[in-house]
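This report refers to the structure that appears directly beneath it.
Residue numbers (the numbering used here), protein chains in the order written: chain A, 3 to 671; chain B, 3 to 671.
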């Protein structure tokens, strides 16, 4: 290969040697994958990838997703070689060091050109389905003169063994995502040894079974690589998987071994590999002719982008504005007034409604004014109440559809939603039962880490779902989500708080939101209309002591706010002045000034928290924030739930107004 | 079909009508699946399943796993019809009611004959791989006269869309589990509509791609069903998938619709369905001849079991004892002495060791004396330190092997481990990086809910893993796990605590354990040998104030215990009497008497907690337990981690002895 394609060989060798040098400098990292896939990446960037290093955020660029994120030096080398400003040689030298953009795994937001955070295996390929769906939706809306690009993915054996990959493959196959092209780095090596120690799957047959176009090539032959990419682009009716037979750590003593997967730092072996490549240069040294070839690939995109600018300018002003607004994640001006009107109407109507149903009503007024929303559910559309009349179902025959039937694929859904936000132009939300955040956790954590405002609509948020029983009843999930940094967990108490939560979720730019919604009907507690978004404060006084001195503060969220209100009525009737604090979002309350927090939770009165979940985390508000250990109590769950009608469960587990009132009486002594 | 096989038809109709009656009585549930799969289940129980309703725990019974757990009435009907004592008619009438054994989804431990808790889709099929692996391992050990049975699974479209199913399929295919037989309930219906709205996967081709034997049949034709099961049993070199084309809610007005998936409660339609079946009986009424046919299938097993008893009696006494001990989850008597000896040696050696490496050393002495342990890792064997010299790798050619290369399949591994414990005779443990508990959550929650003592070896438990960066650094995971009911989360500080944690994990019968272990080397803190298992108390005084009055208590876990000890040295040198409390397991400490807890955490001194995770949950110990808000502090993480060498991360995030000492000084004013 070296002699047949000498120029290609040296370009690929630049990736390989930068990888070896950076890993040696860091004394850690993963050398083998970039070395094995250098040929594929070189041909892709040379001949196919539509990109402009000078405009890394160009909306119509091709997306390049390194699902096998441990091979981060591959993408860092590519970005450096093609001339991305942030990808300096110094950054490569600082690989994996404090403050460097070149983190151990590619981190979204650290380095331009990195489209998504990868490392947790399978996430990249699952994100890519979202990228490709976003492209289809936007192409249908804005036309192919404005949106018409490909999503390229490199995935390894690890990505493909993770279950989430099957969810991605299944969804992409059904949606016939013809602009999605996955390179499978088929090197037959994992950390523990050869792949057959754990898997004998024929990956080509597996992808084909889900409706993919499959090609098999020698992943080191530049002609074969080029030919395959040409064929993949020509196939517009199906996603393509290119099965690339490769050698991990090509040219190194550790080639084709699991040792080659990790950090190859031995100086002699490094030198021997360089010699095998015919690479007679020092650490981090790239000969000028090789560098200029690479930069030429980078420069190629400038003209394409200029053409695009001209085409974009031909869109109507209003289309341009909508496009730019959506890509900037700015909410439409109308949103605020729409939410206020909804709240007013809800307060006036005063109906008992399940918050999942309130959520649907809110979406009915939001979706028509926010073209960028894309809804969906993991096969619980009717239960999650995520579909509104105007969305249209997204299918290969209806690319304008804004509602996605994700199938029974919570993890794949979450990862695809992340991909859609990252693509730009889309604000996705998707639903499942709250208990199945367990299945989606891998991707939900990445929403938080990447700072993308994905919205999770998690219904059936407590034992209030009743008969389906403990497998479906979240008890620890609120705590788990609240424990996750940069995640706003909303548990609205009624239709008004639901509307407020949606407003906050859809104006957020850097934080994912979880809406925990009830299956069961909840009475309206916000009976007095306020234009202000009270939930934005995180916690606020819903009703204050009236019967005299404030002796108790009841704190509650979601379905238990009305329980607190009932308890308050009991206590006030007994002359015990009682405040009810609704706490729809702890995270937002924590961000408030001490002064505001103190106004809501002053020291003195006894405090009881009521939530149909476990206590874990509540001590922050019971004991902390001017609270007192001896004067605090909790009404909620202490273990898993049970299968029975919901009202009976609340009785049996003692989550009632009377139990709350009794707790207050005991604390008051 | 009704006329061709009249007796079979009536037997199957018994399942269908019991389902309709129970769902109508509960006014909730899922009717369609049991009605669709009644024929398959009838033939399986009639002609093939090896079971004895009088001995539901018979170790050599066939296992029947209803992965599509929402169809719980199928298994409840089967258990009732065949004569399981606990499955009374009254239980069917109390379906989904408080206190009934017949929960909304089948709950392990509620009703004999339910082998595993299902409902969260995909879990059953993933458990079943563990069941089948356990059977292979025990057959190799005890011989086929003692262990020789099949694992039968019913899985639906939902199970097969969940990613975890791919992990199960891949692992089972590679392991060539010839005694595993999966029926795919191919009814083309999900909650949102027809399957093709979300998936076009050819499931037969997909299973075949992973090395399965695949058959396709009409799932209502008893002859075809029987023939397929015969063929599946004859194929001993591969697992079999029987693709059963079925009609959901067969015979009901809702047949073949997604409405049929849910609760069919309409009285007229119910009556019409019964008429279509030729079923002229009232609610919950089973004609005597049909019931007696079913009971005869149940009785069939008694003879087989008596034969088995005789064969088992031929095992040597020591083999019998070992077998019975393992199935009872009793630890060997030697365990305690072995752990004590290890601790003594570790205290004397005083070496700095990563706790993941200590864990390997402990396993090196445990595995040889506990034949029931089966280790494994999700492709991180060398990093998780889970493999010991004596285990042998389990492969189709080495069924005695006790180490499983699970592949990059955290969720599948966790679910398979649950299956192994549930099968009996095995104590599994498996490793991955702690951060990827995110991937395994779905199954880890079920360990806790089912009360099975699966052991999770979670290494790389903090920013201490260094350069791999925030995608690999757990910060919220300790809180998430601690928030989960019935889960013991151990974070041992050194080799001695690691040994104690293993002893506790391996003597536990009803609680899963998580061992959070460090990547980095940790100094020995338990320098003085104590035979008592100090970790069993959950938290204990590691070092007390010596410099004078006890002014500070430092609480820490794992890698931060040595930080606390260093901080103590600084403070004591300044005359500030300082106690260090090691808290390897919060859950066990919470179970202690108030008196013991008070002895460890008396009121008075300032308290600082040190843990390289987020604060969430710590307020319980800082503010609660005689603590004071104004006199407490936390040294730990406040957000996600970063990519850099570990020592630099601890400095940058301020998790140091000096920062801890400074916090104490500030609190003391």
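Heads up, the beta-carbon is just placed ideally off N, CA and C, and yes, glycines get one too.
- Message: Counting C-beta neighbours from all protein chains within 10 Å, is the total for residue 318/B 16 or more, i.e. buried, or is it exposed?
- Response: exposed
- Of all the CB atoms in chain A, is at least one closer than 7 Å to the CB of residue 615/B? no
- Proximal chain B residues relative to residue 214/A, where beta-carbon distance stays under 7 Å: Per Cβ cutoff of 7 Å: no residues; residue 214/A is ~10 Å from chain B at best.
- Task: Please classify residue 552/A: does DSSP put it in a helix, a strand, or coil?
- Result: strand
- Message: Would residue 55/A and residue 86/A qualify as a contact pair, given that the criterion is a beta-carbon distance under 7 Å?
- Response: yes
- Query: So does the segment 99 to 110 of chain A actually touch the segment 415 to 426 of chain B, counting three or more Cβ pairs closer than 8 Å?
  - Reply: Counting Cβ pairs under 8 Å, fewer than three are found: no touch.
- Query: Using a beta-carbon distance below 7 Å, is residue 201/B in contact with chain A?
  - Reply: yes
- Task: Within its chain, find whatever has a CB closer than 8 Å to the CB of residue 326/A; leave out the 5 residues flanking it on each side and keep chain order.
- Result: There are no such residues.
- Task: Return the Cβ separation of residue 495/B and residue 527/B in integer angstroms, given the expectation that the two are a contact with Cβ distance under 8 Å.
- Result: 5 Å
- Item | Sequence-distant residues of the same chain with beta carbon closer than 6 Å to residue 362/A, five excluded per side | 387
- Terminal residues of the continuous alpha helix (DSSP H) containing residue 670/B? Note, residue 670/B: alpha helix (DSSP H), 659 to 670.
- Query: Looking at chain A, which residues of the segment 618 to 638 of chain B have a Cβ within less than 7 Å of any of its Cβ atoms?
  - Reply: 618, 619, 621, 622, 625, 626 and 631
- Message: If I follow the unbroken beta strand (DSSP E) through residue 407/B, where does it start and stop?
- Response: First-last of the beta strand (DSSP E) with residue 407/B: 405 to 407.
- Task: Sort 94/A, 81/A, 49/A and 84/A by Cα distance to residue 29/A and report the nearest one.
- Result: 94/A
- Message: I need the straight-line Cα distance from residue 3/A to residue 9/A, nearest angstrom please.
- Response: 11 Å
- Item | residue 13/A, buried or exposed, once every other Cβ within 10 Å from all chains shown has been counted against 16 | buried
- Neighbour list for residue 522/A in chain B, Cβ cutoff strictly below 7 Å: None at all; the shortest Cβ gap to chain B is about 13 Å.
- Message: Distance check for residue 445/A and residue 460/A, CA to CA, integer angstroms please.
- Response: 15 Å
- Task: Evaluate contact between the segment 392 to 410 of chain A and the segment 330 to 350 of chain A, counting only Cβ atoms and requiring at least three cross-stretch pairs below 8 Å.
- Result: no
- Query: Among all the DSSP beta bridges, which residues are the ones paired with residue 558/B?
  - Reply: Paired residues: 584/B and 612/B.
- Task: Check each residue of the segment 440 to 456 of chain B: if its Cβ is closer than 7 Å to any Cβ of chain A, include it; give the result in chain order.
- Result: 440, 441, 443, 444, 447 and 451
- Candidates 436/B, 475/B, 69/B and 548/B: closest to residue 652/B by CA position: 475/B
- Item | Short CB-CB distance (under 7 Å) between residue 265/B and chain A | no
- Message: Tell me the rounded alpha-carbon separation between residue 658/A and residue 565/A.
- Response: 6 Å
- Item | Buried versus exposed call for residue 355/A [16 or more other C-beta atoms within 10 Å across all chains shown] | Buried.
- Query: According to DSSP, is residue 634/B helix, strand or coil?
  - Reply: strand
- Can you pull the DSSP bridge partners for residue 515/A? 457/A and 490/A
- Message: Between the alpha carbons of residue 607/A and residue 669/A, how many angstroms are there, rounded?
- Response: 10 Å
- Task: Would you give the residue range spanned by the alpha helix (DSSP H) that residue 652/B belongs to?
- Result: 648 to 654
- Query: Just reading off the alpha helix (DSSP H) that residue 326/A is part of, what are its end residues?
  - Reply: Run containing residue 326/A: 319 to 329, per the alpha helix (DSSP H) assignment.
- Rounded to the nearest angstrom, how far is the Cβ of residue 493/A from that of residue 559/A, given a contact under 8 Å? The C-beta distance from residue 493/A to residue 559/A rounds to 4 Å, short enough to meet the 8 Å contact threshold.
- Query: What is the DSSP secondary structure of residue 231/A, reduced to helix, strand or coil?
  - Reply: helix
- Item | Residues that residue 462/A contacts on chain B, provided the C-beta gap is smaller than 8 Å | The contacting residues do not exist; residue 462/A stays about 12 Å from chain B at best.
- Query: Roughly how far, in whole angstroms, is the beta-carbon of residue 458/A from the beta-carbon of residue 517/A, given that I think they are within contact range, below 8 Å?
  - Reply: The Cβ separation is near 7 Å, so the contact holds.
- Taking the alpha carbon of residue 241/B as the point to measure from, which residue in 34/B, 499/B, 576/B and 133/B has its own alpha carbon closest? 133/B
- Task: Could you please give the first and the last residue of the uninterrupted beta strand (DSSP E) stretch that includes residue 206/A?
- Result: Where residue 206/A is concerned, there is no enclosing beta strand (DSSP E), although the alpha helix (DSSP H) it sits in stretches over 205 to 211.
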